[in-house]
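Visitor: Pasting in a structure now, in C-alpha cells, and then I'll have a few things to ask.
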Amino acid sequence: MQMARVDVVTRTLPPDDAPEVNPWDTDRFWTVPNVLSVIRLIGVPVFLWLALGPRADGWAVAVLAVAGLTDWLDGRVARRWHQVSRIGQMLDPVADRLYIFTTVIALTLRDVIPLWLVVLLIARDVCMACLVPALRTRGFTSLPVHFVGKAATFCLLYSFPLVLLGHLGTGGWTTCRVLGWAFAVWGTALYWWAFFLYLVQTIRIVRTMPPIDSRGEHS
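Note that our numbering numbers the sequence shown so that position 41 is 41, with each residue one more than the last.
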C-alpha cells in the first residue's frame, strides 16, 4: 500500500514540479503475488459453501486461515521479488472486503453474530463509497491506506474465525469466542475511526486542490 502514498504525493505537487514516478514494478497479471490473491478470491465461495451448506466449521476456518496466510505472503513476495503491480494493489483490498462481507453474512445467517454488527460494517463501507465522487473531481481514484485501516482489517479478518471456532462448544472453544469478540469490537471501532481519518483527508484534498477538467487536468 506504500505505492498509493507515492501517487498521492505526486498529485499534490504542481504539474511542473511533480516527479515522474512509476510505483509499479510490472504490468503483468500472472505474477506470484497475483496468483496468491486469485487463490484467496477462489476461497470466498468455498468458505460460503462450507459454512452454510454442510456447516463444516473446521474446514471453513481452514479456508480463512489459508486466506490470511496468502494475504500476508502476497505483499511480502511482491516487495521481495519486485512484482508490485497495479492489479495486485487492487486485488488485495477487494479480497479483504469480500472475506469480511461474506464472513459476516454467513455468520449472521448462522446466528453466530448479531445483525447490528453487520449493519455497522456495511454502513461504514457505504460511507467510504460516498467519498469517491468527491475524490474523482480532484483526480483521485482512492486514498492511501492508513495504518488504522490496516489494523482494523487485521482485527476483523482474525476475529470471525475465532468466533466461529468458539461456536463449536465449551472449554477451550470459549477462549476462542472471547478473543474473537475482542478482535471484532476493536476491529469495528478501528474500522470507523479509519473512515473519519479518510473523511478528513478527503475534505483537505477538496479544499486545497482545484477540480480537474474533461482532459483530466487541474483547472
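For each residue, glycine too, the CB sits at the ideal point set by N, CA and C.
#1: Mark P161 as exposed unless 16 or more other C-beta atoms lie within 10 angstroms of its C-beta, in which case mark it buried.
#2: Tell me which residues share the same chain as L13 and place their Cβ nearer than 6 angstroms to its Cβ, disregarding the 5 neighbours each side in the sequence.
#3: Check I205 in the structure and name its three-state DSSP category.
#4: With a cut-off of 8 angstroms on the beta carbons, I'd call S159 and A123 a contact; round off their distance for me.
#5: For the alpha helix (DSSP H) containing P161, list its first residue and its last residue.
#6: Taking only runs of the alpha helix (DSSP H) that begin and end inside the region 74-109, which ones reach a length of at least 4 residues, in chain order?
#7: Does the distance from the CB of V35 to the CB of T102 come in under 9 angstroms?
#8: Whose CA, out of R28, W193, I203, R79, lies closest to the CA of F147?
#9: Indicate the three-state DSSP secondary structure (helix, strand or coil) for R40 in the structure shown.
#10: Quick one: grab the DSSP three-state call for F47.
#11: Count the other C-beta atoms from every protein chain shown that fall within 10 angstroms of the C-beta of T208, then say buried if there are 16 or more, exposed otherwise.
#12: On the criterion of 16 or more Cβ atoms from any shown chain inside 10 Å, does V21 qualify as buried, or is it exposed?
#13: Can you grab the Cα-Cα spacing for the pair L222 / Q89, in whole Å?
#14: With DSSP run on the structure shown, which of helix, strand or coil describes T220?
#15: Once you ignore the five residues that flank D74 on each side, which residues in its own chain have a CB closer than 6 angstroms to its CB?
#16: Kindly list the residues whose CB is nearer than 6 angstroms to the CB of F47, restricted to its own chain and excluding five residues on each side of it in sequence; keep chain order.
#17: Leaving out five residues before and five after G149 in sequence, what residues of the same chain have Cβ atoms less than 6 angstroms from its Cβ?
Guide: This is what the structure gives:
#1: That one is buried.
#2: For L13, the predicted model reports a pLDDT of 39, less than 50, meaning its position is unreliable and no value from the coordinates is stated.
#3: Residue state, collapsed to three classes: helix.
#4: With a contact defined as Cβ atoms closer than 8 angstroms, S159 and A123 miss out at about 18 angstroms.
#5: Residue range 147-166 is occupied by the alpha helix (DSSP H) that includes P161.
#6: Whole alpha helix (DSSP H) segments, 4+ residues: 86-109.
#7: The Cβ-Cβ distance between V35 and T102 does not fall below 9 angstroms.
#8: Per the Cα distances, W193.
#9: Of the three classes helix, strand and coil, the one that applies to R40 here is helix, per DSSP.
#10: The answer is helix: DSSP assigns F47 an H, G or I state.
#11: Exposed.
#12: Low confidence applies here, because V21 scores a pLDDT of 48, under 50, leaving its location unreliable; read the following figure in that light. That one is exposed.
#13: Since the displayed the chain opens at 1 and closes at 219, residue 222 lies outside it and no answer follows.
#14: One cannot answer for residue 220 here, as it falls past the ends of the chain, which runs 1 to 219.
#15: Excluding residues within five positions, the ones whose Cβ falls inside 6 angstroms are P33, L36, S37.
#16: So the list reads A60, V63, once near-sequence residues are dropped.
#17: A194, listed in sequence order.
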